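Participant: Would you mind keeping the following structure in view while I ask a few things?
6 protein chains.
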Amino acid sequence: MILPIFLIFSLLSSTSNAAVQDFCVADLTGPDTPTGYVCKKPAAVTVDDFVFSGLGAGGNTSNIIKAAVTPAFADQFAGVNGLGISLARLDLAVGGVVPMHTHPGGSEVLIVISGAICAGFISSSANKVYFKSLKKGDIMVFPQGLLHFQINAGKTPALAFVSFSSERPGLQILDFALFANDLPSEIVEKTTFLDDAQVKKLKGVLGGTG
Amino acid sequence: MILPIFLIFSLLSSTSNAAVQDFCVADLTGPDTPTGYVCKKPAAVTVDDFVFSGLGAGGNTSNIIKAAVTPAFADQFAGVNGLGISLARLDLAVGGVVPMHTHPGGSEVLIVISGAICAGFISSSANKVYFKSLKKGDIMVFPQGLLHFQINAGKTPALAFVSFSSERPGLQILDFALFANDLPSEIVEKTTFLDDAQVKKLKGVLGGTG
Amino acid sequence: MILPIFLIFSLLSSTSNAAVQDFCVADLTGPDTPTGYVCKKPAAVTVDDFVFSGLGAGGNTSNIIKAAVTPAFADQFAGVNGLGISLARLDLAVGGVVPMHTHPGGSEVLIVISGAICAGFISSSANKVYFKSLKKGDIMVFPQGLLHFQINAGKTPALAFVSFSSERPGLQILDFALFANDLPSEIVEKTTFLDDAQVKKLKGVLGGTG
Amino acid sequence: MILPIFLIFSLLSSTSNAAVQDFCVADLTGPDTPTGYVCKKPAAVTVDDFVFSGLGAGGNTSNIIKAAVTPAFADQFAGVNGLGISLARLDLAVGGVVPMHTHPGGSEVLIVISGAICAGFISSSANKVYFKSLKKGDIMVFPQGLLHFQINAGKTPALAFVSFSSERPGLQILDFALFANDLPSEIVEKTTFLDDAQVKKLKGVLGGTG
Amino acid sequence: MILPIFLIFSLLSSTSNAAVQDFCVADLTGPDTPTGYVCKKPAAVTVDDFVFSGLGAGGNTSNIIKAAVTPAFADQFAGVNGLGISLARLDLAVGGVVPMHTHPGGSEVLIVISGAICAGFISSSANKVYFKSLKKGDIMVFPQGLLHFQINAGKTPALAFVSFSSERPGLQILDFALFANDLPSEIVEKTTFLDDAQVKKLKGVLGGTG
Amino acid sequence: MILPIFLIFSLLSSTSNAAVQDFCVADLTGPDTPTGYVCKKPAAVTVDDFVFSGLGAGGNTSNIIKAAVTPAFADQFAGVNGLGISLARLDLAVGGVVPMHTHPGGSEVLIVISGAICAGFISSSANKVYFKSLKKGDIMVFPQGLLHFQINAGKTPALAFVSFSSERPGLQILDFALFANDLPSEIVEKTTFLDDAQVKKLKGVLGGTG
């Protein structure tokens, strides 16, 4: 009895087979395009392309910022390619800080899972600062492209997850952009009004040259 | 006399040659991207890439739903790739029905060419039903992603054409999604509240397992 | 028994009430925005906002072009506002023609319902012409913004429906743009290379001045 | 010394004041548009528009599905309006389930905070099921518009947060769409192939009529 | 001292490496997609991909229109691929004119660097003409897809730069579209109402056949 | 003779009247939306809405940065609202500099009209610097959201025009964001690694408090 009915639907079925692009799992070996990686062949896609376990453990916070950011962007989590969303895990040890940075490609929402976090962003229109101390369960949104930061505001480690409105939102950390490359100190100074000693000190710390 | 004038325009002409992507006819042998197939080389494109005759005849409606849907999506009609529009033909024999379904990727407008069709959709906000009996020449819009259906409401075959706001709008037919695959019956029942007998009956009809 | 279960779902239900914008039926009395009209209040929306009967009858073709175009854009069919799709009906009497025109805001797909239509468009890259005679059931796509035309190619009236990838695709008819306004003849001539007599003749026909 | 320098920057400063729309906090009393609510005046915006505490406590799971979904969409969390991102909290008691549903307006990423969740979705192209049991820290993506579900797969309550690629992704719960309104049973049966008894049983449970 | 700190940031650094697509410099030898060329490998990108010197000199205006347009679109200036912006240089000798044309893919803003230019466009809604004589420093915007023109309105050569809201806005020059290809004269006449003699004269001038 | 023909076109004409939104000139007194200001009524629009003369003269460069930026964004130039493009004028006296900044909302292309300018940007992926000395006629593109700068590299004043891929690209000047508001010095220091003395010095210069 299955056969004839199956046949009945066959036309509809072939329709949907042909027409749908439900997802475009990134083929990281293929070319990139302005809107994301080319797609893995649907036949090769499995449920594991849509599941990622890399955020289960925190990054190592035994570092100068006492913080770690672990991304699940399209490059780590191929299933989000083309879908306009991604996540990252944020671990802040006591005293930890995610330094001033921007995401050129997306807005961010942060949710505090444990601990307390002081977070804020600076508007471009009026250079107005919006910051607040967040407790467990609080969420905060950081609009695309604006400078923002997160600081552990408590006496215990803090854990948060952040979501982005892009599968590859980007991350430009201010200090890295200014001091961890070969942009000549003279140019850094002219364009930031920072003192020469300050620039050279931070270039020293972050490995910059020039 | 042609020569000097032609020369006059040559710079403008080379401008337009270089800069324009009027269309991106799908190269179905190439990779897919989040926004559609890669483009056939312009030099290989002919008018036949922009014309499709596959909707001229109706699909076979000698089936259980007494209906047939014939698509002209990017996979059948390469010329619409990247242009955000596609069509399909809908044939409904007497008693025919296009079962409850969604298009995850686009909104739809239906126009009745002959016969009468009862069509409707269900809003997600309030689960409100919008349905009406349509006569020849009537059009109805079905917003993206919402469950909708079409039923022959007359005593003669009905013909309609449907347009989509995407060249690959997708088609998820509810019964196929629930009963025509290997999703375990237990999960289907837990997530739909349908009785076990009902689930197994329809799995039987549609060839599902598990 | 309904009560307790209903209560069970109440939270989910309030979720969907709050979060969804399934549609944005145009409030034509409200302000327009870069992406369409403001929305009618959901409570005031009925199924009649999603159904339009104005394409049931053809326009009057007793005119010089022996053709009529009847639109179902957002201004006529408020339900498509914000959904990226619209329709129009095209009636071509014997000898009828839809003159050279563009849609600045959307791509178009035409389907021939009866009669025969010669249709074509001109690419911008190479000024290459793509045209073909279409018979009943044939469809053709016209990419956004390119000059195109339709001519009755048979000995009977022709009927077609056209879909657009925008709810307000626009319509710029070449002759109207050039000859049906007060653009000075001298400027028309300088920018089109048409002869003065030709320009004045068509301005006379179409009611242009200057 | 401040004065002259301040003056120096004044032109730049007025530039940025004028030109930037960093955010568009929803004015929920104003009209809605196809792309979101009109904006609250920037001068009236405070940090509290960007922070939301409503996800700090779980919803009540003492209901039939033993689950609760608490949204932070634009209607609850005005700060995400126009930013293409939102969150929700998902509480699943032991035996809890989020029934089969879709989000017509966005893709979703789920992260398990505690407990174990069996989650899956069904593709439209091939009606293929992708499902897996997720443990703490695992994330899974559900592409836009596809049917999906979550089930508590453990012996303790489960908690998850879900992010969406839209500030108002919508939520269409299958059973509510089919059985919790006045869509006539006859139509439900014709378009779903469900038995009359099954339809009436669930209409009874969910308060549907017709 | 650099080492340990560097190590501290290493996780953050690998995050940004993985996640960002700051740019997608066109690989003109690769396939094209609906949203632009595939990207050159980031490692092969240099500053010269982001700088273009081709607009430094004017085009040759010793031609019939006494004008030259020099583009810096994605095909000439690979760095703008995917970024939604491009430029062109416009040189108008005395008496020069950029004939009636459209850009199907983008809006344009013109700035007069020297000389005087009479520029205008025609709306599609009401065929209304908006034109004005522009002097040095004036800017004018031409909305996407609408017919527009520029004429040297002074007694000296004029120079302008034009920006587009697309990296490949396209350019359809009316006279080329109508008269510089093999579209049969009969079709041109039927769809433009131009006289046969006029059509043949311009086909002669522009090298058209048919 | 005009009358009958006019009548012939009347249906087509009413079509285009209804359907087209060629432009959406900003009504700066109306509400703002996520995609721009509401539109001025078409009947009130004149050519002056599409022309702007405010870039004809340079801004005052007698200031500490010896530079001035004069914008023609939607707030100054209402005609670009909704069109995805805008301009600004950049005057750099000898020794002038546009300090390190970002545009959160758009990419930028700069063209040097006179003088010489050293310009550059920093990628987020690898913190790689792309900078070069530009001469008259050179153009350079700065991708959206990335830190960039411009410095007069010559011995004469420099003039440039910059175009953006948004009608309101935003402008976040690093020093203003960090030092010209009430963000507590302690937070600035923690999130930038700058020394306390440096932070307080620049807060003093730029009028910041805290």
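Residue numbers (full-length UniProt numbering), protein chains in the order written: chain S, 1 to 210; chain P, 1 to 210; chain C, 1 to 210; chain X, 1 to 210; chain G, 1 to 210; chain F, 1 to 210.
Ideal placement from N, C-alpha and C gives every residue a C-beta, glycine not left out.
Note that the coordinates shown come from a computational prediction; the quantities given were computed from them, not determined experimentally.
Could you pull the start and end residues of the alpha helix (DSSP H) that A197 (chain X) belongs to?
Facilitator: Translated into positions along the fourth sequence, residue 197 (chain X) becomes position 197. Run containing A197 (chain X): 196-206, per the alpha helix (DSSP H) assignment.
Participant: I need the DSSP call for D182 (chain S), collapsed to helix, strand or coil.
Facilitator: By 1-based counting over the first sequence, the position of residue 182 (chain S) is 182. Of the three classes helix, strand and coil, the one that applies to D182 (chain S) here is coil, per DSSP.
Participant: How many Å lie between K132 (chain S) and F23 (chain C) at the Cα?
Facilitator: Translated into the one-based positions of the first sequence, residue 132 (chain S) becomes position 132. Translated into the one-based positions of the third sequence, residue 23 (chain C) becomes position 23. The straight-line gap from Cα to Cα measures roughly 36 Å.
Participant: Comparing C-alpha positions only, which one of X:V141, X:V25, X:P42, X:F77 sits nearest to F77 (chain S)?
Facilitator: The residue labelled residue 77 (chain S) in the question sits at position 77 within the first sequence. When each option's Cα is compared against that of F77 (chain S), the closest is X:V141.
Participant: Run through chain P and tell me which residues come within less than 8 Å of C24 (chain S), C-beta to C-beta.
Facilitator: Here residue 24 (chain S) is taken as the residue at index 24 of the first sequence, counted from 1. Result: D32, T33, P34.
Participant: For K136 (chain C), which residues of its own chain have a beta-carbon under 8 Å away from its beta-carbon, when the five flanking residues on both sides are left out?
Facilitator: Here the question's residue 136 (chain C) lines up with position 136 in the third sequence. The answer, listed in chain order, is V112, I113, S114, G115, A116.
Participant: For F52 (chain S), is the beta carbon positioned less than 7 Å from some heavy atom of the ligand MN?
Facilitator: Ligands are entirely absent from the displayed structure, and the ligand MN is therefore not among its contents.
Participant: So, with DSSP's three-state summary, where would you put F164 (chain S)?
Facilitator: Within the first sequence, residue 164 (chain S) is the residue found at index 164, counting from 1. Strand, per DSSP.
Participant: On the DSSP bridge list, what partners appear for T29 (chain S)?
Facilitator: Numbered from 1 along the first sequence, position 29 holds the residue referred to as residue 29 (chain S). Paired residues: none, contrary to the question.
Participant: Counting C-beta neighbours from all protein chains within 10 Å, is the total for T209 (chain G) 16 or more, i.e. buried, or is it exposed?
Facilitator: Sequence index remark: in the fifth sequence, residue 209 (chain G) carries index 209 (1-based). The residue in question, T209 (chain G), is exposed, as its Cβ has fewer than 16 Cβ neighbours within 10 Å.
Participant: Looking at the C-beta of D138 (chain G), does it have a partner C-beta in chain F at a distance below 8 Å?
Facilitator: Locating residue 138 (chain G) in the fifth sequence gives position 138, counting from the first residue. Yes, contact with chain F.
Participant: Output the residue ranges of the beta strand (DSSP E) runs that lie fully inside the region 88-171 of chain S and measure 3 residues or longer, sorted by chain position.
Facilitator: 97-102, 108-114, 117-122, 129-134, 139-142, 148-152, 158-164
Participant: Kindly identify the DSSP beta-bridge partner or partners of T70 (chain G).
Facilitator: Here the question's residue 70 (chain G) lines up with position 70 in the fifth sequence. G:R89, per the DSSP bridge assignment.
Participant: Taking M100 (chain G) and T191 (chain C) to be in contact with their CB atoms under 8 Å, please state how far apart those CB atoms are, rounded to whole angstroms.
Facilitator: Taking the fifth sequence and counting its residues from 1, one reaches residue 100 (chain G) at position 100. Taking the third sequence and counting its residues from 1, one reaches residue 191 (chain C) at position 191. About 4 Å separates the two Cβ atoms, so the contact holds.
Participant: Give me whichever residues DSSP pairs with V51 (chain C) in a beta bridge.
Facilitator: Along the third sequence, read from residue 1 onward, the residue named residue 51 (chain C) stands at position 51. V51 (chain C) is bridged to P:M140.
Participant: For chain G, is any of its Cβ atoms less than 8 Å away from the one on G82 (chain P)?
Facilitator: Taking the first residue of the second sequence as position 1, residue 82 (chain P) is located at position 82. Closer than 8 Å: yes.
Participant: Do we get a CB-CB distance below 8 Å when we pair Q198 (chain F) with the residues of chain X?
Facilitator: Within the sixth sequence, residue 198 (chain F) is the residue found at index 198, counting from 1. Output row for Q198 (chain F): interface = no.
Participant: Is any beta-carbon of chain X found at less than 8 Å from that of Q21 (chain C)?
Facilitator: Working through the third sequence from its first residue, we reach residue 21 (chain C) at position 21. Yes - at least one Cβ of chain X is within 8 Å of the one on Q21 (chain C).
Participant: Find the nearest neighbour of residue 213 (chain C) within the set G:L146, G:D196, G:A160, G:L171, judged by alpha-carbon distance.
Facilitator: Residue 213 (chain C) falls outside the range modelled here, since chain C spans only 1 to 210, and no answer is possible.
Participant: Below 7 Å on C-beta distance, what does V38 (chain S) contact in chain P?
Facilitator: Counted from its first residue, the first sequence places residue 38 (chain S) at position 38. By Cβ distance, chain P contributes P31, D32, T33.
Participant: Alpha carbon to alpha carbon, what distance is there between A72 (chain F) and G96 (chain F)?
Facilitator: One-based indexing of the sixth sequence puts residue 96 (chain F) at position 96. One-based indexing of the sixth sequence puts residue 72 (chain F) at position 72. When rounded, the distance between both Cα atoms is 21 Å.
Participant: Could you compute how far the alpha carbon of Y130 (chain C) sits from the alpha carbon of N81 (chain P)?
Facilitator: If you number the third sequence from 1, residue 130 (chain C) lands on position 130. If you number the second sequence from 1, residue 81 (chain P) lands on position 81. About 17 Å.
Participant: Taking the alpha-carbon positions, what's the I65 (chain C) to V205 (chain C) distance?
Facilitator: Indexing the third sequence from 1 puts residue 65 (chain C) at position 65. Indexing the third sequence from 1 puts residue 205 (chain C) at position 205. When rounded, the separation of the alpha-carbon atoms in I65 (chain C) and V205 (chain C) is 13 Å.
Participant: For T33 (chain C) versus G36 (chain F), is the C-beta spacing smaller than 8 Å?
Facilitator: For the purposes of this step, residue 33 (chain C) is identified with residue 33 of the third sequence, where counting begins at 1. For the purposes of this step, residue 36 (chain F) is identified with residue 36 of the sixth sequence, where counting begins at 1. Yes.
Participant: Given G54 (chain X), which residues of its chain have a CB within under 7 Å of its CB, disregarding the five upstream and five downstream residues?
Facilitator: On the fourth sequence, position 54 is the one that residue 54 (chain X) refers to. The answer, listed in chain order, is T70, A72, Q76.
Participant: Going by C-alpha distance, which of S:L87, S:Q21, S:L92 is nearest P169 (chain S)?
Facilitator: Within the first sequence, the letter at position 169 stands for residue 169 (chain S). Among S:L87, S:Q21, S:L92, the Cα nearest to that of P169 (chain S) belongs to S:L87.
Participant: I want to verify the contact list: residues of chain C whose CB lies under 9 Å from the CB of residue 215 (chain P), in sequence order.
Facilitator: No statement about residue 215 (chain P) is possible, as the shown extent of chain P runs from 1 to 210 and does not include it.
Participant: What residues from chain G crowd round A72 (chain F), counting only those whose CB sits closer than 7 Å?
Facilitator: To locate residue 72 (chain F), count along the sixth sequence from 1; it is residue 72. Those within 7 Å of A72 (chain F) in chain G are I139.
Participant: Report, in whole angstroms, the separation of the C-beta atoms of F90 (chain F) and I122 (chain F), which I expect to be a contact under 8 Å.
Facilitator: If you number the sixth sequence from 1, residue 90 (chain F) lands on position 90. If you number the sixth sequence from 1, residue 122 (chain F) lands on position 122. Sequence inspection shows Leu at residue 90 (chain F); the Phe mentioned does not correspond to that position. The beta-carbon separation of L90 (chain F) and I122 (chain F), rounded to 19 Å, does not stay under the 8 Å limit for a contact.
Participant: Rank S:L194, S:V94, S:P42, S:A44 by C-alpha distance to the C-alpha of S62 (chain S) and give the top, closest one.
Facilitator: Numbered from its first residue, the first sequence carries residue 62 (chain S) at position 62. For the residues S:L194, S:V94, S:P42, S:A44, the minimum Cα distance to S62 (chain S) belongs to S:V94.
Participant: Excluding the 5 residues flanking I173 (chain X) on each side, which residues of the same chain have their C-beta closer than 8 Å to its C-beta?
Facilitator: Along the fourth sequence, read from residue 1 onward, the residue named residue 173 (chain X) stands at position 173. For I173 (chain X), where only same-chain residues beyond five positions count, the Cβ hits under 8 Å are P99, M100, H101.
Participant: I need the straight-line Cα distance from F52 (chain S) to D48 (chain C), nearest angstrom please.
Facilitator: Within the first sequence, residue 52 (chain S) is the residue found at index 52, counting from 1. Within the third sequence, residue 48 (chain C) is the residue found at index 48, counting from 1. Cα-Cα distance, rounded: 46 Å.
Participant: On a Cα-Cα basis, can you pick out the residue from P:L202, P:L134, P:G56, P:V109 that is closest to I151 (chain P)?
Facilitator: Here residue 151 (chain P) is taken as the residue at index 151 of the second sequence, counted from 1. Considering only alpha carbons, the answer is P:L134.
Participant: Name the DSSP beta bridge partners of G36 (chain F), please?
Facilitator: By one-based count along the sixth sequence, residue 36 (chain F) stands at place 36. Answer is F:T33, bridged to G36 (chain F).
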